[in-house]
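Report on the following structure.
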Amino acid sequence: MTRVRFAPSPTGLIHIGNARTALFNWLFALKASGEFILRFDDTDAERSRPEFAEAIETDLRWLGIAPHRIEHQSKRGALYDAARGRLVAAGRLYPCYETPDELDRRRKRARAQGLPPIYDRAALQLTEADRARLEDEGRRPHWRFMLDGSAVAFDDLIRGPQIVHTDAMSDPVLVREDGSYLYTLPSIVDDIEMGISHVIRGEDHVTNTGAQIELIEALGAKLPAFAHHNLLVDAKGEGLSKRLGSLSIGALREAGYEPLAVALVATLTGTSEPVAPHASLPGLAEAFDLSTVSRAPARFDVAELDAINTRLVRALAYEAIAPRLAAMGISAGQTFWDAIRDNVGKFSDVAAWHALVAGPVTPIVAEADRAFIAEARAALPEEPWDEATWEGWTDELKALTSRKGKALYHPLRLALTGRPDGPELRSLLPVLGRRACLDRLS
Ligand code: GLU
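In my numbering, the protein residues as written are 140 to 581.
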């Protein structure tokens, strides 16, 4: 059974780079008919907020991700306590009493001596009596996992063969002084207990994987497969921080982007696949393959998002459009949509074009065009109107006035729509109808 997880800490909103990780997991699960677990890494009670968890869930659902299961680490403490007990019993988790200041001084000293600033395991030398004395002084231990210092090799599904040298790392702290857990132990315990088959996440976690593999082995469990993907960066090559408001999924939704456009850009940027439209997430899942993910940073370009959004919106079938028009309170039908679709970049643009059709519109008529516009009004053909009406009308005006090109068309556009640009008048005319045209031309 393919089972993956997306494991955000609900300490902020998710941005398009986090969505990339979520989508990689979701598409991977879809393609393999597997399961996707949304797991909130909320063991940091101080920084985790239920509002953020809710917002993340909303954002994922908007993107089209429907988790098969949702879990909160804050409710799974008993499992972590049990694993902690096993590690202590096996001698792999040991108590340390150094304060942050002490550790800092030692790191500086090591650096000054040209040694790597890794933890020296001084706590292992403490006797029972030393520990009792420290506890009497009111100190409480934090707990470190004893790395076995091996070269941990794993075959990353994106990056290929990897080796992490855990002898160059400090024994990671798994349990804080107050007894709460840092990210590593709960994450590993959950991956094991939930039967996660593939851990797909950002490449900022590659080095963590060394210690994590040792931890999985210390707990006697089977290793999942790992895939670490490149991270989205902005135009300047900088990482997208959680605080980068305009690229949060919520902000992109508010800005009127199609969820599929955001998903396509989040997924396909930084792969060998073109950032091109797909009909749906399941369609994208079929084409999705971890082997196409590049090793170079994935540069997010908002122009690419705009372009793909435009292509998707314009390609929407009218059946998909009708309920959305209705939701905007627009009763105009398919002729309206067909007239304006090529001028829509975001669906919300529809509102402005609808206002242009429904009016009121303030016609613009230059002094020099007054007589021409009056003539045009008089020559307006009788209904019924269709796409050919415009050509018949303007041909007649051409003959009547000997105007042509821009001098012929532009004053008509300004008078009929009150603006210098917009949808093709050929398509717009039947939507406006004779009554509105007569009004605007007077
Ligand atoms: N909470 C971690 C993060 O957001 C999860 C990392 C992982 O997928 O293991 O970075």
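A virtual CB, placed ideally from N, CA and C, is assigned to each residue, including glycine. Please read these numbers as outputs of a predicted model, since none were measured by experiment.
Rounded C-alpha distance that separates residue i from residue j
{"i": "GLY151", "j": "PRO325", "result": "20 Å"}
{"i": "SER487", "j": "VAL314", "result": "49 Å"}
{"i": "LYS170", "j": "ALA497", "result": "46 Å"}
{"i": "ASP280", "j": "TYR219", "result": "Note that residue 280 is Pro in the sequence shown here, rather than Asp. Rounded to whole angstroms, PRO280 to TYR219 spans 17 Å at the Cα level."}
{"i": "PRO180", "j": "SER289", "result": "The sequence shown places Asp at residue 180, not Pro. Taking the straight line from one Cα to the other gives about 28 Å."}
{"i": "VAL483", "j": "ARG453", "result": "7 Å"}
{"i": "ALA229", "j": "ALA271", "result": "21 Å"}
{"i": "PHE293", "j": "SER172", "result": "25 Å"}
{"i": "LEU464", "j": "ASP481", "result": "16 Å"}
{"i": "THR346", "j": "HIS368", "result": "13 Å"}
{"i": "LEU263", "j": "ASN157", "result": "39 Å"}
{"i": "TYR548", "j": "ARG542", "result": "9 Å"}
{"i": "LEU455", "j": "SER387", "result": "25 Å"}
{"i": "GLU535", "j": "GLY572", "result": "18 Å"}
{"i": "HIS344", "j": "PRO421", "result": "27 Å"}
{"i": "ALA415", "j": "ALA400", "result": "9 Å"}
{"i": "LEU162", "j": "ALA405", "result": "8 Å"}
{"i": "PRO94", "j": "PRO523", "result": "Beyond the ends of the chain as shown, which are 140 and 581, falls residue 94; an answer cannot be given."}
{"i": "ARG246", "j": "GLU316", "result": "20 Å"}
{"i": "GLU425", "j": "ILE195", "result": "25 Å"}
{"i": "GLU241", "j": "TRP282", "result": "16 Å"}
{"i": "PHE511", "j": "LEU564", "result": "17 Å"}
{"i": "HIS207", "j": "ASP445", "result": "31 Å"}
{"i": "GLU193", "j": "GLU174", "result": "20 Å"}
Span of the beta strand (DSSP E), counted from its first residue to its last, around residue i
{"i": "ILE209", "result": "208-211"}
{"i": "VAL86", "result": "Past the boundaries of the shown model lies residue 86; the chain is included only from 140 to 581, so the question cannot be answered."}
{"i": "ALA292", "result": "290-295"}
{"i": "GLY126", "result": "Lying outside 140 to 581, the shown extent of the chain, residue 126 is not represented and no answer is given."}
{"i": "GLU190", "result": "That residue, GLU190, is in no beta strand (DSSP E); its alpha helix (DSSP H) goes 189-202."}
{"i": "TYR236", "result": "Counting along the chain, TYR236 falls outside any beta strand (DSSP E), and DSSP gives it neither H nor E."}
{"i": "GLU174", "result": "174-179"}
{"i": "PHE284", "result": "281-284"}
{"i": "PHE145", "result": "142-145"}
{"i": "GLN264", "result": "First-last for GLN264: undefined, no H or E at that position."}
{"i": "ILE155", "result": "Where ILE155 is concerned, there is no enclosing beta strand (DSSP E), although the alpha helix (DSSP H) it sits in stretches over 155-170."}
{"i": "VAL432", "result": "It is not in any beta strand (DSSP E) - VAL432 carries neither H nor E in the DSSP assignment."}
{"i": "VAL303", "result": "299-304"}
Classification of residue i by the beta-carbon crowding that lies within 10 angstroms, buried from 16 upward
{"i": "ASP440", "result": "exposed"}
{"i": "TYR457", "result": "exposed"}
{"i": "HIS154", "result": "buried"}
{"i": "ARG144", "result": "buried"}
{"i": "PRO550", "result": "buried"}
{"i": "HIS337", "result": "buried"}
{"i": "HIS304", "result": "exposed"}
{"i": "THR266", "result": "exposed"}
{"i": "ASP560", "result": "exposed"}
{"i": "THR533", "result": "buried"}
{"i": "SER380", "result": "exposed"}
{"i": "THR197", "result": "exposed"}
{"i": "ALA357", "result": "buried"}
{"i": "ALA217", "result": "exposed"}
{"i": "ALA494", "result": "exposed"}
{"i": "THR431", "result": "exposed"}
{"i": "GLN212", "result": "buried"}
{"i": "GLY334", "result": "exposed"}
{"i": "ASP619", "result": "There is no way to answer for residue 619, as the model of the chain reaches only from 140 to 581."}
Boundaries of the alpha helix (DSSP H) in which residue i is found, first to last residue
{"i": "PRO256", "result": "PRO256 -> no alpha helix (DSSP H), and no H or E assigned at all."}
{"i": "ARG579", "result": "564-580"}
{"i": "LEU226", "result": "216-228"}
{"i": "PHE475", "result": "473-479"}
{"i": "GLY422", "result": "420-426"}
{"i": "LEU464", "result": "457-466"}
Inter-residue CB distance, residue i and residue j (contact presumed, cutoff 8 Å)
{"i": "LEU177", "j": "LEU199", "result": "7 Å"}
{"i": "THR528", "j": "LEU568", "result": "5 Å"}
{"i": "ILE339", "j": "ASN164", "result": "5 Å"}
{"i": "LEU354", "j": "ILE327", "result": "5 Å"}
{"i": "ALA402", "j": "LEU202", "result": "5 Å"}
{"i": "VAL291", "j": "ILE352", "result": "5 Å"}
{"i": "THR141", "j": "GLY341", "result": "Not quite, the Cβ-Cβ distance comes to about 20 Å (not below 8 Å), so this is no contact."}
{"i": "THR408", "j": "ARG434", "result": "Contact flag wrong, Cβ pair sits at about 14 Å."}
Within-8 Å CB hit, residue i to chain D
{"i": "GLY409", "result": "Structure shown: chain D not included; a single protein chain is present."}
beta-carbon residue i near the ligand PLP non-hydrogen atom, thresh 7 Å
{"i": "SER148", "result": "Judged by which ligands are present, the ligand PLP is missing from the structure shown, whose ligands are the ligand GLU."}
(request) Please go through the stretch 340-404 and give each complete alpha helix (DSSP H) segment of 4 or more residues, from N-terminal end onward. (result) 345-357 and 388-393
(message) List, from N- to C-terminal side, the beta strand (DSSP E) runs of 3 residues or more that fit wholly inside the stretch 491-559.
(response) none
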